[in-house]
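For reference, the structure discussed in these notes is given below.
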Amino acid sequence: MSFGRSNLQTQLTAWLMRRTSSSGVRRVAPIAAALATDVGEIRQENQDRVAIVRGRDRLGRPFAVAALADGIGGMQQGAECAALALGSLFAAIASEATASIDSGQWLLRGIHQANNDVHARMHGEGGATISAALISGNGPIHWASVGDSRVYVADGSSLKQISIDDTIAGQLGRIGEAGFDQSKLIQFIGIGKPLEASVSSLPPHDGVAIFLTTDGVHFLDSTPWFGQLIKHAPDPGVCVRRLVELSRWCGGPDNATAAMLSLGDAINEGMPDVDRCLEVWDPFGELHVIVDPLRQPTSPAQQPAPAAKTAPALSHDVQPPEGEAETSAAAAAPQEARAAGATKKGRSARKGKSAAKGQRAEKSQEKASVPQLLIEFPNKTN
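Anchor point for the sequence shown: position 40 equals 40 in the UniProt record's numbering, and the numbering is continuous, going up by one each time.
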């Protein structure tokens, strides 16, 4: 795990864990998307997290990834696990985008990195579900889900669930008949090595939107209002707001979170003309992260060897007379003392300059190692 990816993950996780209101809605106009979340009527804390990240790959092509995570109730630190899962996912995708052009692999490696990071932090005692969708250039749309957070595709009048819940009922195709035992998760982000994650693709075409939901929203999937609400919503912001409001009107049994991403629109509108700039949106605000290229320090083996200094040769052929030698030694003593003092002073000065130079170099290296400039915008709720 490189320092740059780790530091970016830490910054994103901390931002997603900042204090916010219990509910929020945000339109992401540049990519025709929207995000919404609500704590519901029963829960005391919102343990869902949702965000969209936009950036450029190594060829300068734009990409956008939307993802949400639901901290698992009954386990430890659900909100922290959800924030860490998204922070790890986004940081891994940003890192992979600078190294390869296979966007499907970016998402897959991001899912596995999120699982590894949450497991390393919680040791299997906490976790989160996750669903994500990634658009890159004009290629296919890649999506993935782990746990019971879902991915839907809406096209005109139809709404189709394309993900499969990682529950017994989901694997058996018995979603409507699921009892308590059959609704238990069989895998989640943070479970560790047994995770079986896969990435699927959709062909790009106009007039399609992709939805990500937590179980606090899609428990209404079996009702006729769910699809009708999505069908008649005039824009993404209204759509996701209505979804979380409908959940609250129906009792709000859990945190409700939704993301909508229109697939027929360009995703490069209004992108900053800054190399390696990541834009991040969640329901409460916006963040710009300017990531510097990672600078690898030169190893000692790669550094050029210093030139060898040749000491002056000492001649033993000519010896001064004994008296002259004593006089020379006595006369030379003060000169040697002065020379030694001057040398010591010079060395001290050089040492002081070298130390100061070294401190400046260390500070410069530390500054260069910090991989981002964070620009946070005021929170908004629509």
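Think of the CB as a built atom: it goes at the ideal place given N, C-alpha and C, for glycine as much as any other residue.
From a predicted model like this one, the values you see are computed outputs, not experimental measurements.
Residue i, buried or exposed, once every other Cβ within 10 Å from all chains shown has been counted against 16
i    : result
L172 : exposed
V274 : exposed
A333 : Since pLDDT at A333 reaches only 44, below the 50 mark, its modelled position is unreliable, and no value is offered.
R19  : exposed
G78  : buried
D117 : buried
E96  : buried
Q303 : For Q303, the predicted structure reports a pLDDT of 40, less than 50, and the residue's modelled location is therefore unreliable. A value from the coordinates is still provided. Classification of Q303: exposed, given that the 10 Å Cβ count is below 16.
E80  : buried
T223 : exposed
S131 : buried
S145 : buried
Same chain, Cβ closer than 6 Å to residue i, neighbours up to 5 away in sequence not counted
i    : result
Q9   : G87, S88, A91
S201 : P140, H142
T213 : R150, A258
R276 : V291
H218 : R150
R43  : N255
D165 : D148
Proximal residues to residue i (C-beta, below 7 Å), its chain only, five neighbours per side dropped
i    : result
R242 : L229, A233
L220 : F226, L246, S247, C250
I267 : I31, R54, P62, A64, I135
S157 : K231
P236 : R27, A32, A33, A34, M260, S262
R121 : L84
S103 : F63, L134, S136, G139, H142
E203 : This sequence places Pro at residue 203; Glu is not what is there. P140, listed in sequence order.
M75  : E125, G126, G127
Closest residue to residue i among the options (Cα-Cα distance)
i           : options              : result
F155        : L68, A34, I210       : Sequence inspection shows Asp at residue 155; the Phe mentioned does not correspond to that position. Of the candidates L68, A34, I210, the one whose C-alpha sits nearest the C-alpha of D155 is I210.
V153        : I52, A256, S262      : S262
V39         : P283, V289, I290     : P283
residue 415 : L287, I290, W281     : The structure shown has nothing for residue 415, since the chain only spans 1 to 382.
Q186        : S198, T167, V199     : Correcting the residue type first, residue 186 is Ile in the shown sequence and not Gln. Nearest option by C-alpha distance: T167.
R56         : W15, A99, A83        : A99
A51         : L35, D102, E45, N138 : L35
E125        : I191, L68, E96       : I191
T129        : H119, Q11, A97       : H119
M17         : Q47, G104, I42, G252 : Q47
K160        : V208, K193, R121     : V208
C-beta atoms of residue i and residue j nearer than 9 Å
i    : j    : result
I72  : L195 : no
A85  : A114 : yes
I101 : R58  : yes
S163 : L108 : no
G285 : N255 : no
G170 : D148 : yes
L278 : W15  : no
G264 : H205 : yes
P253 : E45  : no
V289 : S23  : no
A66  : I189 : no
Other residues of its chain near residue i: CB distance less than 8 Å, five sequence neighbours each side excluded
i           : result
S6          : A91
residue 400 : The displayed coordinates of the chain run from 1 to 382. Any statement about residue 400 would go beyond what the structure contains.
P312        : Per-residue confidence for P312 stands at a pLDDT of 41, beneath the threshold of 50, marking its modelled position as unreliable; the derived number appears in the next sentence. Excluding positions up to five away in sequence, the list is empty.
A94         : R5, L8, V53, G55, L278, V291
K184        : T167, I168
Could you pull out every unbroken beta strand (DSSP E) segment of at least 3 residues lying fully inside the segment 133 to 195, listed in chain order?
Listed in chain order, the complete beta strand (DSSP E) runs (minimum 3 residues) inside the segment 133 to 195 are 141 to 146, 150 to 155, 158 to 161.
Taking only runs of the alpha helix (DSSP H) that begin and end inside the segment 46 to 98, which ones reach a length of at least 4 residues, in chain order?
78 to 97
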